[in-house]
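Since the structure comes first, as structure tokens, the remarks are kept for the end.
Residue numbers (our numbering), protein chains in the order written: chain A, -5 to 302; chain B, 4 to 255.
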């Protein structure tokens, strides 16, 4: 039987406050399997427990209950073995201003035990992967926010670790830079690496994940491939209508976004009926398949969503 | 076992290099400034005092302050900065031992202070005060004050885990000034009269006194020298013990 890259069983984390008797249960028994050579995403709103999960898996934080294994090694009892196989980009990590992207790639590879020649090779590959090769000798102080973040990501890519863990790696990046990072991550999957990342960006989760788990309030709400997750709701289509449309709820479930209305529908026939009626009322309407965001909002609760 | 020690030493040197070389290379003027801070009291002593040994007192003070300031700075500022920028989190998740990280962080400013130490040592030698016998005592004494001040800095940053980097930064500057400019580091403890025992319990003035005795500026009995070394060692070990009781490589 093949060992999972990451396997958590009933992982719990309770933060106790020293100043009050209140405690916060950040993880409520999270069980997740991440297969080897898979890009697995933890998708959830802020405060859902994604970072706590990642910090436990990357041996930075002890759980309050349960255990997790990385390539068969327990994060609770064998952290040193786990650390040989992982590399981490924490959330909101900043750079040393006097460092260059080259130094990030090279020295972090050296810290993982590579010799100078190997570290140089890995640093070069990593910097090219995140499109920073031309800026390799610029100090981070002079780089843009996105370039700094890519320098940090390059340090992880140069590690040659089996399992990469990235906490919101593309936050703050523009669309082009984000796609550059996505491309680099997908290439690593092609090379047999496993990636576990967190994000609250639906597009990111849908675009690059092999599988994902939606996490909310410390629990896994749904887990599977993006298409499987989308199939969890019975509606297949959404129609966005600009303007006032009376008795819209008679067509299906609705959500209101200011002067726009979203209607969720099950069949193509229902979509065609609504589009025709909208046109009769001289309203602009647009139909498309439901997005991961629609499903996410429904599952975790939010705008007109029932949640939980 | 030997492999493990090799890895610890190698990682220590890499971390020390990471934390010193880029600053050294890109901000040489800042390093010059740090050396100048240690030399400022020496300058004033030369301006406003007279007497053959004044310059040697000042040079001893400058050497001790270079190393002591480096120690307290690394223990507090570098650790809190690494926490703030989350580089520490990246390193915790690497196959790097906590000892390598702590030693590397402590060693880095010592490397940065080497140019100023060489400068002050060269001036001392040029003036005819320094010989190889004295040097063999000065180097371990400076290493001892570096160890005491570094571990004290680590202890403070360990116990003030949740303090802001700005507060810790100011604290380290205050401690640096408090340990370097107030006790008898640039001047002889003999000037304290009956209170000269205070200099033994402060690592900087303790070492400055030891070095003065090696230069023949201060008369210390063999017992006193042994007590001073013992105080330094016990103080460092106490700080290490306190750190190990509180510090956590992995948070709980």
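Just so it is clear, CB atoms sit at the ideal spot from N, CA and C, and this is done for glycine as well.
Pairwise C-beta distances place the region 127 to 147 of chain A in contact with the region 156 to 169 of chain A, as three or more of them are shorter than 8 Å. Taking 8 Å as the upper bound for CB-CB distance, residue 108 of chain B and residue 217 of chain B are not in contact here, some 29 Å apart.
Judged by DSSP in its simplified three-state form, residue 283 of chain A adopts strand.
Residue 238 of chain B sits in a helix when the DSSP states are folded into three classes. In this structure, residue 151 of chain B sits away from residue 213 of chain B, with a CB-CB distance that is not shorter than 7 Å. Across the set B:157, B:69, B:180 and B:99, the C-alpha of B:69 shows the shortest separation from the C-alpha of residue 117 of chain B.
Residues of the same chain with a CB within less than 6 Å of the CB of residue 106 of chain A, apart from the 5 flanking positions on each side, are 153 in chain order.
For residue 166 of chain B, no CB of chain A lies under 7 Å from its own CB, so it is not counted at the interface with that chain. Contacts with chain A (Cβ-Cβ distance below 8 Å) from the region 87 to 120 of chain B involve 87, 88, 89, 90, 92, 93, 94, 95, 96, 97, 98 and 99, listed in chain order. Along the region 43 to 59 of chain A, going in chain order, the ones with a CB nearer than 7 Å to a CB of chain B are 52, 53, 54, 55 and 56. For residue 253 of chain A, the closest C-alpha among the options A:62, A:245, A:237 and A:247 is that of A:237.
DSSP links residue 222 of chain A through a beta bridge to no other residue. Taking a C-beta cut-off of 9 Å against chain B, the contacting residues of the region 104 to 125 of chain A are 104, 105, 106 and 107, listed in chain order. DSSP places residue 183 of chain A inside the alpha helix (DSSP H), whose first and last residues are 169 to 184. When 7 Å is used as the limit between beta carbons, residue 78 of chain A is near these residues of chain B: 98, in chain order. Taking 7 Å as the upper bound on Cβ-Cβ separation, chain B lies near residues 133 of the region 132 to 151 of chain A. Neighbours of residue 97 of chain A in chain B, taken as residues at a C-beta separation under 7 Å, are given in chain order as 25.
Under the DSSP assignment, residue 270 of chain A falls in the alpha helix (DSSP H) whose first and last residues are 262 to 274. Taking a beta-carbon distance threshold of 7 Å, residue 101 of chain A counts as an interface residue toward chain B.
Closest option to residue 188 of chain B, judged by alpha-carbon separation, among B:221, B:25, B:164 and B:173: B:221.
Within chain A, the residues placing a beta-carbon under 7 Å from that of residue 14 of chain B are 105, ordered along the chain.
Among the residues of chain A, none has a CB under 9 Å from the CB of residue 226 of chain B; the nearest is roughly 46 Å distant.
Take residue 223 of chain B, set aside five residues on each side of it, and the residues of its chain with a beta-carbon closer than 6 Å to its own are 216, in chain order.
Inclusion of residue 53 of chain A and residue 84 of chain A in the CB contact set at 7 Å is not warranted, their separation being larger than that value. For a cut-off of 8 Å, the C-beta gap from residue 34 of chain A to residue 190 of chain A is around 5 Å, short enough to register as a contact. Rounded to the nearest whole angstrom, the CA to CA distance from residue 18 of chain B to residue 293 of chain A is 45 Å. The C-beta of residue 17 of chain B comes closer than 7 Å to at least one C-beta of chain A. In this structure, DSSP gives residue 209 of chain B a helical state, which the three-state scheme calls helix.
Neighbours of residue 82 of chain A in chain B, taken as residues whose beta carbon is under 9 Å from its own, are 92, 93, 95, 96 and 97 in chain order. Within chain A, the residues whose beta carbon sits less than 8 Å from that of residue 255 of chain B are 55 and 56, listed in sequence order. Per DSSP, reduced to three states, the secondary structure at residue 210 of chain A is strand.
With respect to the C-alpha of residue 40 of chain A, the residue from A:271, A:210, A:140 and A:99 having the closest C-alpha is A:210. Per DSSP, reduced to three states, the secondary structure at residue 56 of chain A is coil, with no helix or strand assignment. In this chain, residue 188 of chain B is not harboured by any alpha helix (DSSP H), its DSSP state being neither H nor E. Taking the beta carbon of residue 88 of chain A as reference, the chain B residues within 9 Å of it are 87, 88, 89 and 90, listed in sequence order. Here the alpha carbons of residue 88 of chain A and residue 20 of chain B stand approximately 19 Å from one another.
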